[in-house]
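Asker: Top to bottom, those sequences are chains A and B.
Its first residue numbered 3, the first sequence is counted upward by one per residue in this note's numbering.
Its first residue numbered 359, the second sequence is counted upward by one per residue in this note's numbering.
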Amino acid sequence: MSCARHISAIVDHACGAGIAPEAADHLATCQTCSARFAEQRRVLEGLDDELQRALAIAPSAAFARGVHSRIEQAPASSARVLWWSACGVAAAILLVIGINVMRSTDGVRPHPSGSAVQPPATAATAAPTVPVVPPGVDGRQDARRTERQVAHDVRRGPVHEGQTAALPAAEVLVPPDQQRAIAHLMRLVRNGTLDASRLPVSRQGESATPVELVVPPLTIEPIAVPDVEIPTSPVATGRNSQ
Amino acid sequence: MHESASRHLGSLVTLDASLEREFEERLHESSRLAVRVAYGVLRHQHDAEEVAQEAFARAYGRFSQLRDRTRFRAWLVRMTWRLAIDRWRSDRRRQAREQASFVPPPGATAEDVAASSERAARLWQAIDSLPEKLRIVIVLAAIHGHDVREVARLLDVPEGTVKSRLFLARKGLAQRLQCLVPDTSAR
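#1: Using a beta-carbon distance cut-off of less than 8 Å, what residues from the segment 478-501 of chain B approach chain A?
#2: DSSP three-state call for Val227 (chain A): helix, strand or coil?
#3: Is Val91 (chain A) close to chain B, meaning its C-beta is less than 7 Å from at least one C-beta of that chain?
#4: Flag Ile21 (chain A) as yes if its beta-carbon sits less than 7 Å from any beta-carbon of chain B, otherwise no.
#5: How many angstroms separate the CA atom of Arg427 (chain B) from the CA atom of Leu535 (chain B)?
#6: At what residues does the alpha helix (DSSP H) containing Thr31 (chain A) begin and finish?
#7: Ends of the alpha helix (DSSP H) at Leu513 (chain B)?
#8: Does the segment 464-484 of chain B come into contact with the segment 45-60 of chain A, if we say contact requires no fewer than three beta-carbon pairs (one atom in each stretch) closer than 8 Å?
#9: Find the residues of chain B that neighbour Ser62 (chain A), judging by a C-beta separation of less than 7 Å, and give them in chain order.
#10: Would Ile184 (chain A) pass as an interface residue toward chain B - the criterion being a Cβ-Cβ separation below 7 Å?
#11: In angstroms, rounded to a whole number, what distance separates the CA positions of Ala510 (chain B) and His504 (chain B)?
#12: Since Glu412 (chain B) meets chain A, which of its residues come closer than 7 Å, beta carbon to beta carbon?
#13: Does any residue of chain B have a CB that is nearer than 7 Å to the CB of Gln54 (chain A)?
#14: Are Ala392 (chain B) and Ala410 (chain B) touching if we call contact CB-CB under 7 Å?
#15: Applying a beta-carbon distance threshold of less than 9 Å, which residues of chain B neighbour Ala25 (chain A)?
#16: Using three-state DSSP, classify Gln536 (chain B) as helix, strand or coil.
#17: Considering Cα atoms alone, identify which of B:Leu385, B:Lys491 and B:Arg425 is closest to Phe65 (chain A).
#18: What does the alpha-carbon distance come out to for the pair Ser522 (chain B) and Asp486 (chain B)?
#19: Is Gly100 (chain A) helix, strand or coil when you go by DSSP?
#20: When the Cα atoms are used, what is the spatial distance from Arg189 (chain A) to Ala93 (chain A)?
#21: Does chain B have any CB closer than 7 Å to the CB of Gly100 (chain A)?
#22: Straight-line CA distance for Met104 (chain A) to Leu97 (chain A)?
#23: In chain B, which residues lie with their C-beta within 7 Å of the C-beta of Leu190 (chain A)?
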């Protein structure tokens, strides 16, 4: 009997799938399968009807009123969101303007750590006399760290006494004693006491001849380690000798 | 609507008079569809209305941005479905609602009511267990007796996709409800 071969196709057909010609021929000729097909269709249509009945609901009379009241409530929240967005945008704009003003007036931008940092070093200003400083700590700490780093390099070999490390490509730290002087000059310029144009300061991008910042080279003194006589045996103490 | 909107002239989301009228028409003609779509997920009339109202309120806010207004119904159906699904997932009282959602037909006996209620509960349980893509197709096909073309238009998918999903959904339902006709010839 070929019914078993086609039953799956016939059930699928009842569920809405297409049917192969061979199965369709069988369905047309076999009474058992056509009855089965009709029964399956009836069951599925019953499910569809039940679902349709369950979903046959109508909105209440107050539905449109509810929509209107929700619409009336919506603008307030939108306005709040817009107000906060406007505040955020304004704050961002002020921040950008502030940074630009500082850059344009000072020529020295603030280091994240609070220490004053020169603009990116040019070939002229990047004389190998200023210590390399990693960013992130205040100037004094930077200087100490640099000394330690250089001392470390001295101990390790390639850098010798009286030399300093090579400059990085990005930033050059102004030593703390000169920071104070520069800050004082900046205050005078801001107050109007001093004419900025008379200062021998060059800004990046201008045609003026860059003035090299004179920084004394950091000299690393070798640590004098006294000769200490180390006892050869750990049991050479008074208690043990008794 | 126009009055309520004109009270908020200073607010941010208002439509001009012609758009207001158009939105009112859409609200009138599509509210039943939106409520039924939400009901197909939530099975609670009050919740379904709330979700549909929320969908309309959102649609109002973006109505002026909708370029092709003829697609409003499809847009609304998808938004309502998404909101209803979100609500359904977050709603912990769903089980209790399912019990209360069945409305018996008029003139039915107590036995009929009990049997119908049980059958309806099983049917909804089976529908809930279907994948979401199949579920929305079978619910939309049951609403207003939408045909394949209309369901395809509402979901913005090809008709062939709707046909195959409808087939898989029906077969899945029949398997879950154990109402596939048995293969008697195998005996």
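Just so you know, even glycine gets a beta-carbon here, dropped at the ideal spot from N, CA and C.
Answerer: The relevant details are as follows:
#1: From the segment 478-501 of chain B, only Ala478, Leu481, Trp482, Ile485, Ile496, Val497, Ala499, Ala500 and Ile501 have a Cβ closer than 8 Å to chain A.
#2: As a first step, residue 227 (chain A) is located in the first sequence; it is residue number 225 there, counting from the start. If DSSP states are grouped into helix, strand and coil, Val227 (chain A) belongs with coil.
#3: If you number the first sequence from 1, residue 91 (chain A) lands on position 89. By this cut-off, Val91 (chain A) is not an interface position.
#4: By one-based count along the first sequence, residue 21 (chain A) stands at place 19. No - not a single Cβ of chain B is within 7 Å of the one on Ile21 (chain A).
#5: As a first step, residue 427 (chain B) is located in the second sequence; it is residue number 69 there, counting from the start. As a first step, residue 535 (chain B) is located in the second sequence; it is residue number 177 there, counting from the start. Between Arg427 (chain B) and Leu535 (chain B), the C-alpha separation is close to 40 Å.
#6: Sequence index remark: in the first sequence, residue 31 (chain A) carries index 29 (1-based). Taken as a continuous stretch (DSSP letters only), the alpha helix (DSSP H) holding Thr31 (chain A) covers Pro23 to Thr31.
#7: For the purposes of this step, residue 513 (chain B) is identified with residue 155 of the second sequence, where counting begins at 1. Here the alpha helix (DSSP H) through Leu513 (chain B) covers Val506 to Leu513.
#8: With the cut-off at 8 Å, the segment 464-484 of chain B and the segment 45-60 of chain A touch.
#9: Here residue 62 (chain A) corresponds to residue number 60 of the first sequence, with the count starting at 1. Going along chain B in sequence order, the residues near Ser62 (chain A) (Cβ under 7 Å) are Glu407.
#10: In the first sequence, the residue the question calls residue 184 (chain A) occupies position 182. With 7 Å as the cut-off, Ile184 (chain A) does not count as an interface residue toward chain B.
#11: Here residue 510 (chain B) refers to the residue found at position 152 of the second sequence. Here residue 504 (chain B) refers to the residue found at position 146 of the second sequence. In this model, Ala510 (chain B) and His504 (chain B) are separated by some 10 Å (Cα to Cα).
#12: Reading the second sequence from its first residue, position 54 is the one you call residue 412 (chain B). Result: Arg72.
#13: Translated into positions along the first sequence, residue 54 (chain A) becomes position 52. Yes - at least one Cβ of chain B is within 7 Å of the one on Gln54 (chain A).
#14: As a first step, residue 392 (chain B) is located in the second sequence; it is residue number 34 there, counting from the start. As a first step, residue 410 (chain B) is located in the second sequence; it is residue number 52 there, counting from the start. Contact: yes.
#15: Numbered from its first residue, the first sequence carries residue 25 (chain A) at position 23. The premise fails here: Ala25 (chain A) is roughly 14 Å from chain B at the closest Cβ pair, so nothing lies under 9 Å.
#16: Start at 1 with the first residue of the second sequence, and residue 536 (chain B) comes out as number 178. Note: Gln536 (chain B) maps to coil in three-state DSSP.
#17: Within the first sequence, numbered from 1, the residue matching residue 65 (chain A) stands at position 63. Comparing C-alpha distances from Phe65 (chain A) to each of B:Leu385, B:Lys491 and B:Arg425 shows the shortest one belongs to B:Leu385.
#18: Translated into positions along the second sequence, residue 522 (chain B) becomes position 164. Translated into positions along the second sequence, residue 486 (chain B) becomes position 128. Their Cα atoms are separated by approximately 19 Å.
#19: Sequence index remark: in the first sequence, residue 100 (chain A) carries index 98 (1-based). Shown here, Gly100 (chain A) sits in a helix according to DSSP, grouped into three states.
#20: Against the first sequence, residue 189 (chain A) aligns to sequence position 187. Against the first sequence, residue 93 (chain A) aligns to sequence position 91. Computed Cα separation, rounded: 26 Å.
#21: Position 98 of the first sequence, counted from the start, is the residue given in the question as residue 100 (chain A). Not an interface residue.
#22: The residue you call residue 104 (chain A) lines up with position 102 of the first sequence. The residue you call residue 97 (chain A) lines up with position 95 of the first sequence. Separation of Met104 (chain A) and Leu97 (chain A) (C-alpha to C-alpha, rounded to the nearest whole angstrom) is 11 Å.
#23: Along the first sequence, one-based indexing puts residue 190 (chain A) at 188. Those within 7 Å of Leu190 (chain A) in chain B number zero; the least Cβ separation is about 50 Å.
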